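Sequential numbering from 354 applies to the sequence shown in this note's numbering.
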Amino acid sequence: MNTIGFAMRLTLFGSSHGPGVGSVLDGCPSGVPITTETIQREVDLRKPAPGIGTARAEEDIVQVQSGILEGRTTGAPIQFFIANKDSDSSKYQAFRVTPRPGHADYPALVKYGPDHDMRGGGQFSGRMTAPLVAAGAVAKSMLVTKGVRIAAYSQSIGKVTDDKERSFSEISENRFNHSTRAADSRVAARMEREILAAAKDGDSVGGIVRCLVDGLPVGVGEPFFDSLDAELAKMMFAIPAVKGVDFGAGFRSTKMRGSEHNDPFKIVNGQVTTVTNHAGGILGGLSDGMPLDLRVAFKPTASIAKEQWTVDLKRKKDTIIKVQGRHDPCIVPRAVVVVEAAAALVIADLSLRGGFFAR
Ligand SMILES: Cc1cc2nc3c(=O)[nH]c(=O)nc-3n(C[C@H](O)[C@H](O)[C@H](O)COP(=O)(O)O)c2cc1C
């Protein structure tokens, strides 16, 4: 389904090569300060970067069709529309017969049959994240009014990993200064080389987006099934190409003893804090007052220029495919703002449910 959220619901619509893509954000309170310029700026951050992205960047102009007036939300459903331009669908028809390995073509053809909209990946296109980012800009603004801020960055791309512990302010100040969305310029240069090397081979690389949320009050989350981590994981896994989500020490926790993993509580300036943050800011599905720390793993882009084995579905034979068209050799940099928006939407929804925005 294309709707997510409970108190604040996001619906996505449209398709990659149809008239456009859009979203409806329902349940946002009135009076949230947000301008079209801010929304446009966020959506622009999703564009492919020159040099390391697709040759020609899409021009995504966001139209705010309802719900925002004179720089504030009105309380009515907020509708965004982004017209598709420049779409060349001709290269996609071949995938009906020879599906791309790693993409949604094959299961979608089996499920939806010949009516499936194959153009640009149809509903499976990463383009569906553009209106998600637009809606996320509103959720971010809403959270900022309560002192909750979100910043993500590329923690790894291919074999290049930024293993330094980065502060929230370092990430939020630096991430958008680099086209790779790294938090540090030296790491950014290495990541850029990694992407260019893959592109030169007609190949692609994946990576990890780490996202921190600062200022979250204690108690956001609705256990059992709508716990903070469960809701975030669901949202993150909905982003195309996501293959893993973990929080805090995540999978590393399994190698630790309890004495090592438990985050000792400590009073600092009269506030309850923890000395470490292996829990990633979540205990029992509720925010615990420490920064939320989540990591989202993206696979390498499926559509690569290199020849690959696939099948000819008509002839029932193995064959070779060479994917053409505009594809990023690495989608991780573009996904950074998407992960931020996705996190903001979940946290805004759960904050409304928990009464954190009660007047
Ligand atoms: C921002 C963004 C851009 C993407 N661009 C491409 C692309 O250019 N080529 C491609 O093959 N996949 C791209 N993807 C990923 C595919 O949409 C995704 O791999 C595909 O729908 C199959 O879904 P799955 O990887 O979740 O199994 C992109 C994903 C995102 C989030």
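Where a beta carbon is used, it is the ideal one built from N, C-alpha and C, also for glycine. Predicted model, so just to flag it, every value in this text is computed and none were measured.
(request) Output the residue ranges of the beta strand (DSSP E) runs that lie fully inside the segment 413-490 and measure 3 residues or longer, sorted by chain position. (result) Whole beta strand (DSSP E) segments, 3+ residues: 415-419 and 431-436.
(message) Considering only their Cβ atoms, is the gap separating V689 from Y506 smaller than 8 angstroms?
(response) As a first step, residue 506 is located in the sequence shown; it is residue number 153 there, counting from the start. As a first step, residue 689 is located in the sequence shown; it is residue number 336 there, counting from the start. Closer than 8 angstroms, so yes.
(message) Under DSSP, the alpha helix (DSSP H) around S612 begins and ends at which residues?
(response) To locate residue 612, count along the sequence shown from 1; it is residue 259. Segment G611 to H614, the alpha helix (DSSP H) holding S612.
(message) One question on the structure: do V377 and P430 come within less than 8 angstroms of each other, judged by their Cβ atoms?
(response) Against the sequence shown, residue 377 aligns to sequence position 24. Against the sequence shown, residue 430 aligns to sequence position 77. At a Cβ-Cβ threshold of 8 angstroms, V377 and P430 count as neighbours.
(request) Look at the alpha carbon of D641 and the alpha carbon of P570, and state the distance between them as a whole number of angstroms. (result) Position 288 of the sequence shown holds residue 641. Position 217 of the sequence shown holds residue 570. Those two C-alpha atoms are separated by around 7 angstroms.
(request) Give me whichever residues DSSP pairs with S376 in a beta bridge. (result) Counting from 1 along the sequence shown, the entry for residue 376 is found at position 23. Partner(s): L365 and F433.
(message) When you measure from the CB of D681 to every non-hydrogen atom of ligand 1, does any distance come out below 7 angstroms?
(response) Within the sequence shown, the letter at position 328 stands for residue 681. Yes, Cβ of D681 sits closer than 7 angstroms to a heavy atom of ligand 1.
(message) Which residue wins for smallest C-alpha separation from A504, given the options R362, V562 and K517?
(response) In the sequence shown, the residue the question calls residue 504 occupies position 151. Between A504 and the set R362, V562 and K517, the nearest pair of CA atoms involves V562.
(request) Compute the Euclidean distance between the alpha carbons of I414 and D470, then round it to the nearest angstrom. (result) Taking the first residue of the sequence shown as position 1, residue 414 is located at position 61. Taking the first residue of the sequence shown as position 1, residue 470 is located at position 117. Whole-angstrom Cα-Cα distance: 23 angstroms.
(message) Please determine whether the Cβ atom of H456 lies at a distance below 7 angstroms from any heavy atom of ligand 1.
(response) Counting from 1 along the sequence shown, the entry for residue 456 is found at position 103. At least one heavy atom of ligand 1 is found less than 7 angstroms from the C-beta of H456.
(message) Short of 7 angstroms in beta carbon distance, which residues of its chain neighbour A541, apart from the five on each side in sequence? Order them along the chain.
(response) Locating residue 541 in the sequence shown gives position 188, where the first residue counts as 1. Here the set comprises H531, T533 and A535.
(message) According to DSSP, is L496 part of a helix, a strand, or is it coil?
(response) Numbered from 1 along the sequence shown, position 143 holds the residue referred to as residue 496. In the three-state scheme derived from DSSP, where H, G and I count as helix and E and B as strand, L496 is classed as helix.
(request) Please indicate yes or no: does the CB of G466 lie closer than 7 angstroms to some heavy atom of ligand 1? (result) In the sequence shown, residue 466 corresponds to position 113, counting from 1. Within the chosen limit of 7 angstroms, ligand 1 does not reach the beta carbon of G466 with any heavy atom.
(message) Suppose contacts are defined by Cβ-Cβ distances below 8 angstroms. Is G611 in contact with G633 by that definition?
(response) Mapped onto the sequence shown, residue 611 falls at position 258. Mapped onto the sequence shown, residue 633 falls at position 280. In terms of Cβ geometry, G611 and G633 do not form a close pair [threshold 8 angstroms].
(message) Please return the same chain residues whose Cβ sits closer than 6 angstroms to the Cβ of S368, not counting the five positions on each side in sequence.
(response) In the sequence shown, residue 368 corresponds to position 15, counting from 1. D470, G475 and Q476.
(message) Taking the alpha carbon of H370 as the reference point, which residue from A487, Q624, A695 and I435 has its own alpha carbon closest?
(response) Working through the sequence shown from its first residue, we reach residue 370 at position 17. Ranked by Cα distance from H370, the first of A487, Q624, A695 and I435 is I435.
(message) For D458 and P452, I'd like the C-alpha separation in whole angstroms.
(response) Walking along the sequence shown from the start, residue 458 turns up at place 105. Walking along the sequence shown from the start, residue 452 turns up at place 99. Between the alpha carbons of D458 and P452 lies a distance of about 5 angstroms.
(message) Under 8 angstroms: do the segment 642-659 and the segment 591-608 share three or more Cβ pairs, one atom per stretch?
(response) Yes: the two stretches touch, three or more of their Cβ pairs being nearer than 8 angstroms.
(request) Could you tell me if G420 is buried or exposed, where buried requires 16 or more neighbouring beta carbons within 10 angstroms of its beta carbon? (result) Against the sequence shown, residue 420 aligns to sequence position 67. Flag for G420 reads buried.
(message) Beta-carbon within less than 6 angstroms of T482's beta-carbon, same chain only, minus the 5 sequence neighbours each way: which residues are those?
(response) The count along the sequence shown starts at 1 and reaches residue 482 at position 129. Cβ within range, chain order: V691.
(message) Taking the alpha helix (DSSP H) that R546 belongs to, which residues open and close that run?
(response) Along the sequence shown, read from residue 1 onward, the residue named residue 546 stands at position 193. Counting along the chain, the alpha helix (DSSP H) containing R546 begins and ends at S538 to K553.
(request) Kindly indicate which residue of G574, I673 and H456 has the alpha-carbon position closest to the one of G358. (result) Taking the sequence shown and counting its residues from 1, one reaches residue 358 at position 5. For G358, the closest C-alpha among the options G574, I673 and H456 is that of G574.
(request) For the alpha helix (DSSP H) containing V690, list its first residue and its last residue. (result) Here residue 690 refers to the residue found at position 337 when the sequence shown is read from its first residue. Secondary structure note for V690: its alpha helix (DSSP H) is the uninterrupted segment V685 to R706.
(request) Answer with buried or exposed for K493, where buried requires no fewer than 16 other C-beta atoms within 10 angstroms of its C-beta. (result) In the sequence shown, the residue the question calls residue 493 occupies position 140. Its Cβ being crowded by 16 or more others within 10 Å, K493 is buried.
(message) Would the segment 671-686 count as touching the segment 393-407 if we require 3 or more Cβ pairs under 8 angstroms?
(response) Counting C-beta pairs with one atom in each stretch, the segment 671-686 and the segment 393-407 have three or more that are closer than 8 angstroms, which means they touch.
(request) Specify, as a first and last residue, the run of the alpha helix (DSSP H) that R534 falls within. (result) What you label residue 534 is simply residue 181 of the sequence shown in a count that begins at 1. From DSSP, R534 is part of no alpha helix (DSSP H); its letter is neither H nor E.
(request) Using a threshold of 8 angstroms, state whether the C-beta atoms of A695 and I592 are closer than that. (result) Counted from its first residue, the sequence shown places residue 695 at position 342. Counted from its first residue, the sequence shown places residue 592 at position 239. Yes. Within cutoff.
(request) Compute the distance between the beta-carbons of L462 and L363, then report whether it is under 8 angstroms. (result) Mapped onto the sequence shown, residue 462 falls at position 109. Mapped onto the sequence shown, residue 363 falls at position 10. No, they are not a contact pair.
(message) Could you give the first and the last residue of the continuous alpha helix (DSSP H) run that contains L647?
(response) Sequence index remark: in the sequence shown, residue 647 carries index 294 (1-based). Premise fails: L647 lies in the beta strand (DSSP E), L645 to F651, not in any alpha helix (DSSP H).
(request) Determine the burial state of Y445: buried for a count of at least 16 other Cβ atoms within 10 Å of its Cβ, exposed for fewer. (result) Within the sequence shown, residue 445 is the residue found at index 92, counting from 1. Buried: at least 16 other Cβ atoms inside 10 Å.
(request) Have a look at P382 and V417 and give me their C-alpha separation to the nearest angstrom. (result) As a working note, residue 382 is residue 29 in the sequence shown. As a working note, residue 417 is residue 64 in the sequence shown. Taking the straight line joining both Cα atoms gives about 16 angstroms.
(request) For M609, count neighbouring C-beta atoms within 10 Å of its own C-beta (all shown protein chains included) and say buried if the count is 16 or more, exposed if not. (result) For the purposes of this step, residue 609 is taken as residue 256 along the sequence shown, with counting starting at 1. When all chains shown are included, M609 counts as exposed.
(request) Go ahead and pull the three-state DSSP assignment for V676. (result) By 1-based counting over the sequence shown, the position of residue 676 is 323. In the three-state reduction of the DSSP assignment, V676 falls in the coil class.
(message) Can you determine whether any heavy atom of ligand 1 sits closer than 7 angstroms to the C-beta of A594, and answer yes or no?
(response) Reading the sequence shown from its first residue, position 241 is the one you call residue 594. Checking the Cβ of A594 against ligand 1 gives yes.
(request) Specify, as a first and last residue, the run of the alpha helix (DSSP H) that F521 falls within. (result) Indexing the sequence shown from 1 puts residue 521 at position 168. For F521, the enclosing alpha helix (DSSP H) has its first and last residue at F521 to N527.
(request) With a threshold of 16 other CB atoms inside 10 Å of the CB of R399, please say whether the residue is buried or exposed. (result) For the purposes of this step, residue 399 is identified with residue 46 of the sequence shown, where counting begins at 1. Buried: at least 16 other Cβ atoms inside 10 Å.
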